[in-house]
Amino acid sequence: GESVGLHLPTLSVQEGDNSIINCAYSNSASDYFIWYKQESGKGPQFIIDIRSNMDKRQGQRVTVLLNKTVKHLSLQIAATQPGDSAVYFCAENGDSSYKLIFGSGTRLLVRP
Amino acid sequence: GAGVSQTPSNKVTEKGKYVELRCDPISGHTALYWYRQSLGQGPEFLIYFQGTGAADDSGLPNDRFFAVRPEGSVSTLKIQRTERGDSAVYLCASSLEAGSYEQYFGPGTRLTVT
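Chains as they are written, first to last, in this note's numbering: chain H, -3 to 108; chain L, 53 to 166.
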C-alpha cells in the first residue's frame, strides 16, 4: 500500500537498541494521550495510553513518559525489533471526550 | 474476532464524481468515527456517530461531505462533486462505548481524485 509518511522525520536505530520517539502536544486541556503505530497500508494500531494524572506508564517493551509542564510525550521501545518499523503517532484528546487529535508522526526504521 | 473493515480499499475517481466509502465496525461497538489522513500527516477527525445519529460532524470540511449510519452499525461516507484535494486515506474507527478513546481503526480507503 501507499506509504503513510514520505516526508516524516525519521529515526533509524540498530536492531536490539532502544528507541525513543518524542512528541510535543498542543492543547493544555488534554488529559489523555495515546501512542499509535501505523504500518504501510494499514490503519493506526493502539500501543499504549496514559492519563494526565500519571507521568509514566509501562507496557510490554514500551514505556510512555508524560511531562505536562512542557507538554511533551515520549515513547520508549526497548530492544527494538524489525517488526517495530512503522510510523508512530501520538494523539491527545484536547477538550473532547471522544475526538483524538493526532500529531504529525515519526517514522522508525530498524536496521538489521 | 473480526476488526473494522472498510471497502473499497482503493478508489480512483474523476474530479466532479460522487463516491461512497463504507465502514463495517466491530460487532457490538456503539460508536463510530471517521478520520481523514493526508500523505505525511496524522489522521484528522471528520465525524462521530453515537448509535445512528451523528453526535459531532464538526470535522467535515464542507457540505460536499456527508455520512450516515442508518441502523447503528455500518456507516457510509459520501462525497459529492469530488475535488483533487479530497485525495487522502479515509479511516474508520469504532469503540465499544460511546465517547471512548479506545478506538479501533480499519485499514482505510485510499481515495484518489484525478
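Where is the CB? At the ideal position from N, CA and C, for every residue including glycine.
Since residue i sits in a beta bridge, which residues does DSSP pair it with?
i	result
N63 (chain H)	H:H68
L104 (chain H)	H:L7 and H:A82
V141 (chain L)	L:Q89 and L:R162
G105 (chain L)	L:Q102
Going by the beta-carbon positions, is the gap between residue i and residue j smaller than 8 angstroms?
i	j	result
S127 (chain L)	L98 (chain L)	no
V165 (chain L)	T65 (chain L)	yes
Q93 (chain L)	G160 (chain L)	no
S146 (chain L)	P77 (chain L)	yes
Mind reading off the beta-carbon distance from residue i to residue j? Whole number of angstroms is fine, and I expect it under 8 angstroms.
i	j	result
Y21 (chain H)	K52 (chain H)	Their Cβ separation, rounded to whole angstroms, is 16 angstroms, which puts Y21 (chain H) and K52 (chain H) out of contact at 8 angstroms.
R136 (chain L)	K67 (chain L)	6 angstroms
L83 (chain H)	L4 (chain H)	Checking the sequence shown, residue 83 (chain H) turns out to be Val, not Leu. Contact holds; Cβ gap of about 6 angstroms.
G103 (chain L)	T82 (chain L)	6 angstroms
T76 (chain H)	N14 (chain H)	7 angstroms
N89 (chain H)	Y153 (chain L)	6 angstroms
In terms of residues, what are the limits of the beta strand (DSSP E) holding residue i?
i	result
V130 (chain L)	The question names Val, but residue 130 (chain L) in the sequence shown is Lys. Note, K130 (chain L): beta strand (DSSP E), S127 to I131.
Q41 (chain H)	Q41 to R47
T59 (chain L)	S57 to T59
D91 (chain H)	From DSSP, D91 (chain H) is part of no beta strand (DSSP E); its letter is neither H nor E.
Discussion item. Counting only Cβ-Cβ distances shorter than 7 angstroms, please list the residues of the region 67 to 84 of chain H near chain L, keeping chain order.
Written reply: Against chain L - using a Cβ distance shorter than 7 angstroms - the region 67 to 84 of chain H contributes no residues.
Worksheet item: Quick one, which residues of the region 39 to 57 of chain H are near chain A if we go by CB-CB under 9 angstroms, in chain order?
Response: In the displayed structure, chain A is absent; the protein chains listed are H and L.
Worksheet item: What residues in the region 139 to 151 of chain L bring their beta carbon closer than 9 angstroms to a beta carbon of chain H?
Response: Sequence-ordered contacts of the region 139 to 151 of chain L with chain H read V141, L143, C144, A145, S147, A150 and G151 [C-beta pairs closer than 9 angstroms].
Practice prompt. With 9 angstroms as the C-beta to C-beta threshold (strictly closer), list the residues of the region 121 to 135 of chain L near chain H in chain order.
Written response: Within the region 121 to 135 of chain L, no residue has a Cβ that lies closer than 9 angstroms to any Cβ of chain H.
Item to complete: Select from the region 91 to 110 of chain L all residues with a C-beta closer than 9 angstroms to any C-beta belonging to chain H, and list them in chain order.
Response: Per Cβ criterion, the list reads L91, G92, Q93, G94, P95, E96, F97, Y100, Q102, A107, D108 and S110.
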